[in-house]
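Comments concern the structure below.
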Amino acid sequence: MEALRPKFDLNPVHFSPISKKLPKPTSVSSKYHTPRKCRVFVPRNSLFRTKPDAQIDSRRESLLPRCSDTSLISSGKEVVESIARGVVGFTAAAAVAAVCICWDSPATAESLTVAFPVSRAREVNTVQRTLVEAWGLIRETFVDPTFNHQDWDLKLQQTMVEMFPLRSADAAYNKISGMLSTLGDPFTRIISPKEYQSFRIGSDGNLQGVGLFINMEPKTGHLVVMSCVEGSPAARAGIHEGDELVEINGESLDGIDSEAAAQKLRGRAGTSVIVKLYNGTDSESNSGFREVNLPREIIKLSPISSTIIPHRTQDGRLLKTGYVKLLAFSQNAAVDMENTVHEMEDQGVESYILDLRNNPGGLVKAGLDVARIWLDGNETLVNTIDRDGNMAPINMASGHALTHDPLVVLVNEGSASASEILAGALHDNGRAILVGHKTFGKGKIQSVTELHDGSALFVTVAKYLSPALHDIDQVGITPDVQCTTEMLNSPPKERNVMGSPLEADSCIMVAEHELDIQESKGAAS
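Numbered by the numbering used here, the letters in the sequence shown go through residues 102 to 626 in order.
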């Protein structure tokens, strides 16, 4: 959507909510540290120091930098400000900088001198600072301590040299992306300040826009509507799931990704945007094209849409099935899920369908909190594996599920990250049957750190296994029961809040059949 837009390509999940910039500097004494002198040739002297849980910092010493017994841990902003003072912010006469970076470990201390040319182009200079910041974070937290079998320190120097002749920030950022790509992990990446703001909107749950969830079809490259926020301008205009976005304000969307399109849809409340849509099944238009003028409003995002489906069992009884579609794992996902389940229980719902299809993930903590709504006791939700290969289970605190009614979870190839964590937790603990298609297969966890310039670095910091110790990375989760994704030709009996005919969805029909079986077993016992 113009907010949640999986520009993250079935993206990153986050082990915790979005990390704020780190605390103010804290002095830490290290009895293991051995002072070393680092000979450098710079007009100003700087010492960069770090601890395993820190970012790079700079301190001015005398004429010759040396490593003292005191380590400074500082925030990303302070790191970069220090680098600017001591290394990057030289006068135009300075052509080469050298950095003395001292790393502490329990038994030894190592010093590293990295020489690189400092760009005179102000925009590129700023990106060089961002590069050093990102490099340090990856050095200390990336899940693969071999950095894909390469010299990560040398990689910093090489990338700095490549940046030197550049004249634009975009070209310099591409060099950072190129450096990150050598790690062999597509989920470790940097995003621009604009993209990060979009990500924050999706995680925080508020935006000014028209209320469209959009995504790019991988096979065609077309931008299609996933859904509309209930009550939003897009929903009121009759835009439906599956409609294709063709133009925004008269500009063709050919070759434009979902994030760029989302930026065009967003804007100050009170303004408007004209969108051109295509739907080959639209009976109101001979050509299938139509234009809609949409006012922008303040949109309160809920990652959940729901409805109650009257369902007749094989023995003729009429039951109420609660259908809950979870679009993404934002900060308010668990609270909204809890409220939805409470409301449905009050309305006499006796079984549930949780739809995770095309849910690209989001905050891991949100996924774990949603799992706790459906599970009892001290169940294992997921197992994490750190960069040293140590495995640790994450168990839910003792508690009780909000409901013990039968549950079916719908998944497909668009269910990724936190969706797979939730599906695995419910399935491996015997709480739910999975129906649909094999999931995306993303068994990695990312941290997200805002950098000094407003961009953000996503770093894969851990791998995970399901509670039953299944490694789903690049494999996915195979559901218990397969179903087709095609809509049946029968007329829809009821529409959900997004306008999609639930009764004509073959996967929902399969889910209802599985709920019948569970209900029959429960009645027999």
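Beta carbons: idealized from backbone N, C-alpha and C, even for Gly.
Check: To the nearest angstrom, how far is it from the Cα of residue 511 to the Cα of residue 611?
Finding: Position 410 of the sequence shown, counted from the first residue, corresponds to residue 511. Position 510 of the sequence shown, counted from the first residue, corresponds to residue 611. Cα to Cα, the separation comes out at about 10 Å.
Checklist line | Pick from 408, 548, 314 and 300 that is closest to residue 426, judged by C-alpha positions | finding: Numbered from its first residue, the sequence shown carries residue 426 at position 325. Of 408, 548, 314 and 300, the residue nearest in Cα terms is 408.
Notebook entry, point to check: Under the DSSP definition of a beta bridge, which residues are partnered with residue 318?
Noted result: Along the sequence shown, one-based indexing puts residue 318 at 217. For residue 318, which the question treats as bridged, DSSP gives no partner whatsoever.
Margin query: Quick check: residue 434 and residue 461, are their CB atoms within less than 8 Å of each other?
Written below: Residue 434 sits at position 333 when you count from the first residue of the sequence shown. Residue 461 sits at position 360 when you count from the first residue of the sequence shown. Not closer than 8 Å, so no.
Check: Quick one, which of 468, 337, 451 and 455 has its alpha-carbon nearest residue 432's?
Finding: Against the sequence shown, residue 432 aligns to sequence position 331. Looking at the Cα atoms, 468 is the closest of the given residues.
Check: What separation, rounded to the nearest whole angstrom, lies between the Cα atoms of residue 500 and residue 527?
Finding: Your numbering for residue 500 matches position 399 in the sequence shown. Your numbering for residue 527 matches position 426 in the sequence shown. Taking C-alpha positions only, residue 500 is separated from residue 527 by approximately 15 Å.
Next item on the list: Below 8 Å on the Cβ atoms is my guess for residue 221 versus residue 309; work out the distance and round it to an integer in Å.
Entry: Here residue 221 refers to the residue found at position 120 when the sequence shown is read from its first residue. Here residue 309 refers to the residue found at position 208 when the sequence shown is read from its first residue. The pair is not a contact, with the Cβ atoms about 39 Å apart (cut-off 8 Å).
Notebook entry, point to check: With 8 Å set as the bound, which would you pick, yes or no: does the beta-carbon of residue 506 sit closer than that to a beta-carbon of chain D?
Noted result: Any reference to chain D falls outside this structure, which holds one protein chain only.
Item checked: Proximity of residue 281 and residue 273 at Cβ, strictly below 8 Å -> On the sequence shown, residue 281 is found 180 positions in, with the first residue counted as 1. On the sequence shown, residue 273 is found 172 positions in, with the first residue counted as 1. Contact: no.
Note to self: Would residue 532 and residue 476 qualify as a contact pair, given that the criterion is a beta-carbon distance under 8 Å?
What the structure shows: The residue you call residue 532 lines up with position 431 of the sequence shown. The residue you call residue 476 lines up with position 375 of the sequence shown. Yes.
Item checked: Selected residue, minimal CA-CA separation from residue 390, among 340, 419, 360 and 363 -> The residue you call residue 390 lines up with position 289 of the sequence shown. Checked all of 340, 419, 360 and 363; the closest Cα to residue 390 is 340.
Next item on the list: Inspect the beta-carbon positions of residue 486 and residue 524 and report whether they are closer than 8 Å.
Entry: By 1-based counting over the sequence shown, the position of residue 486 is 385. By 1-based counting over the sequence shown, the position of residue 524 is 423. No.
Next item on the list: For the alpha helix (DSSP H) holding residue 279, just list the boundary residues, first then last.
Entry: Numbered from its first residue, the sequence shown carries residue 279 at position 178. Residue 279 -> alpha helix (DSSP H) spans 270-282.
Item checked: Cα-Cα separation between residue 139 and residue 363, rounded to whole angstroms -> What you label residue 139 is simply residue 38 of the sequence shown in a count that begins at 1. What you label residue 363 is simply residue 262 of the sequence shown in a count that begins at 1. Caution applies to residue 139, whose pLDDT of 29 falls short of 50 and renders its modelled position unreliable; the model cannot decide the point.
Next item on the list: Would you identify the three-state DSSP class for residue 497, choosing helix, strand or coil?
Entry: Taking the sequence shown and counting its residues from 1, the one referred to as residue 497 is at position 396. Coil.
Checklist line | Member of 439, 394 and 351 whose CA lies at the smallest distance from the CA of residue 336 | finding: For the purposes of this step, residue 336 is identified with residue 235 of the sequence shown, where counting begins at 1. Residue 394 is the option with its Cα nearest to residue 336.
Check: Mind pulling the alpha helix (DSSP H) runs of 4 or more residues that sit fully within the stretch 401-463?
Finding: Fully contained in the stretch 401-463 are the following alpha helix (DSSP H) runs of length 4 or more, in chain order: 434-447.
Item checked: residue 420 versus 400, 442, 239 and 453, residue with shortest Cα-Cα distance -> As a working mapping, residue 420 is identified with position 319 in the sequence shown. Comparing Cα positions, the closest option is 453.
Note to self: Would residue 561 and residue 244 qualify as a contact pair, given that the criterion is a beta-carbon distance under 8 Å?
What the structure shows: Residue 561 sits at position 460 when you count from the first residue of the sequence shown. Residue 244 sits at position 143 when you count from the first residue of the sequence shown. Yes; because the gap between Cβ atoms is below 8 Å, this pair is in contact.
Item checked: Simplified DSSP assignment, three categories, for residue 481 -> As a working note, residue 481 is residue 380 in the sequence shown. Residue state, collapsed to three classes: strand.
Next item on the list: List the residues that DSSP assigns as beta-bridge partners of residue 396.
Entry: For the purposes of this step, residue 396 is taken as the residue at position 295 of the sequence shown. Per DSSP, 373.
Note to self: Buried or exposed for residue 491, going by 16 or more other Cβ atoms inside 10 Å?
What the structure shows: The count along the sequence shown starts at 1 and reaches residue 491 at position 390. Result: exposed.
Next item on the list: State yes or no: is the C-beta of residue 430 within less than 8 Å of the C-beta of residue 464?
Entry: Translated into the one-based positions of the sequence shown, residue 430 becomes position 329. Translated into the one-based positions of the sequence shown, residue 464 becomes position 363. A contact, by the Cβ cut-off of 8 Å.
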